[in-house]
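Below is one structure, written out as structure tokens, with a few remarks after it.
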Amino acid sequence: MKVTDHFQNANGKTLFTFEILPPLKGENMKTLFSHIDPLMEFNPPFIDVTYHREEYVYKQRENGLLEKRTTRKRPGTVGICAAIQNHYKVDTVPHLICGGFNKEETENALIDLHFLGIDNVLVLRGDCVKSEQRFVAEPGGHNYATELIGQVVDMNNGCYLDDEQTFHNPTDFCIGVAGYPEKHFEAPNLKSDLRWLKKKVELGAEYIVTQMFFDNQKYFDFVHRCREEGINVPIIPGLKPMTTKTQLTLLPSLFHIEIPCELADAIEACPDNKAAAQVGVEWAIQQSRELMEFGVPCLHYYSMGKSESVRKVAEALF
Ligand code: FAD
């Protein structure tokens, strides 16, 4: 079922959903299910599965020269989505990124997803590879999420790459996209970022999931600005309970977000990570309660491979 149908069927009740990362190479589904199992009693109608592009590593050869090798540390998003749907009978939302794919590879991934009965995709550009300064599209690939949305919409209209004149069975993917309450880090200003967000919706995105934020006012302001700009689709808040003291600096540097002073001071004062995780859970519960009162259709949690804190938050709310 489509994500948007789940929102409609909820009749105003706030849903609980979460995002997982594919396990590292060499792990198996048991590891993944052991992260998901503790969260299933809160009835998530769908689970997001991230996609991770290749990274480059440099290995020194015997002659001293460096050899560039490609690795993909967390493969398997399509297969994982199918396994989750089959095992738990819930919908999945695979993330689909521009980075590392040309259009043919994207089409093949979408054909596989369609075969497997997966009705949703979160369409993203993806970040640049760590060794590069800026995002570079694959030759014959897409530069922005807007372009990737175009390809999914084409397939939803029965138009595949091989022959624009031939009509194929259309796919019917519900498209979600990313939004940034604190602005995407490359955007010169929020107004410009919102212009592109609006474009993503005009092209066919049916809902938005936000980058994590720790200050609800940033989300409320963002929703207000979106509505002013005529962006009227559901905006799902993405939340992350902080779990370690190092995340205080790690999360801002990775995700270009601010941590409010009150939370930062409380985490800093913690003697260890156990205490920090407790503060993180309490903060996330408080954030979630306020967002529920605001009437959000869904609270979406970033588990980042660890479900314990998300479970504690869900226990208090759902
Ligand atoms: P875009 O919407 O393409 O925007 C990128 C930048 O370009 C923005 O600054 C925007 O203002 C600007 N822009 C947009 N369209 C245009 C255009 N047509 N012309 C000119 N400028 C434009 N990354 C992963 O690798 N894998 C994941 O699974 C993943 N999941 C995510 C889930 C969520 C909910 C979020 C919020 C992020 C996720 N990311 C993931 C990170 C995301 O890929 C990065 O933030 C990336 O830098 C931007 O992706 P985007 O889809 O927002 O890009």
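Following the working numbering, the numbering of the sequence shown begins with 134 at its first residue and continues without gaps.
Where a beta carbon is used, it is the ideal one built from N, C-alpha and C, also for glycine.
Classify residue i as helix, strand or coil using the three-state DSSP reduction.
i    : result
P171 : helix
K407 : helix
K158 : coil
Y313 : coil
H139 : helix
T304 : coil
P385 : helix
D348 : coil
R205 : coil
I364 : coil
C431 : strand
G371 : strand
D354 : helix
V226 : strand
V286 : helix
I418 : helix
V269 : coil
T343 : strand
A278 : helix
E534 : Only positions 134 to 451 of the chain appear in the structure, and residue 534 is not among them; the question remains open.
C231 : coil
V412 : helix
F318 : coil
C359 : helix
T377 : coil
K263 : coil
Measuring CB to CB, does residue i end up less than 9 Å from residue j?
i    : j    : result
L172 : V366 : no
V412 : A399 : yes
L432 : T150 : yes
K445 : P374 : yes
V285 : K333 : no
L229 : L249 : no
I390 : M345 : yes
N453 : P272 : Limits of the chain in this structure are 134 at one end and 451 at the other, which puts residue 453 out of reach.
K158 : D252 : no
P370 : F140 : no
L372 : Q420 : yes
N302 : E423 : no
D245 : P178 : no
T279 : A311 : no
Q380 : A408 : no
T210 : V182 : yes
P314 : F355 : yes
For the alpha helix (DSSP H) that residue i lies in, which residues bound it at each end?
i    : result
E335 : 323–336
L246 : 236–248
H220 : 210–221
I400 : 394–401
S442 : 441–450
Kindly examine the ligand FAD and report whether one of its heavy atoms sits closer than 8 Å to the Cβ of residue i.
i    : result
K331 : no
G232 : yes
T183 : yes
A270 : no
F318 : yes
R258 : yes
N276 : yes
E188 : no
S325 : yes
E362 : no
T150 : no
A311 : yes
T279 : yes
Q284 : no
G250 : no
L384 : no
V342 : yes
L424 : no
G371 : yes
L255 : yes
H357 : no
H168 : no
H301 : no
Kindly indicate the opening and closing residues of the beta strand (DSSP E) around residue i.
i    : result
N253 : 253–257
Y293 : First-last for Y293: undefined, no H or E at that position.
E152 : 148–153
E188 : 188–193
I180 : 179–182
L198 : Segment: none, L198 is in no beta strand (DSSP E) and carries neither H nor E.
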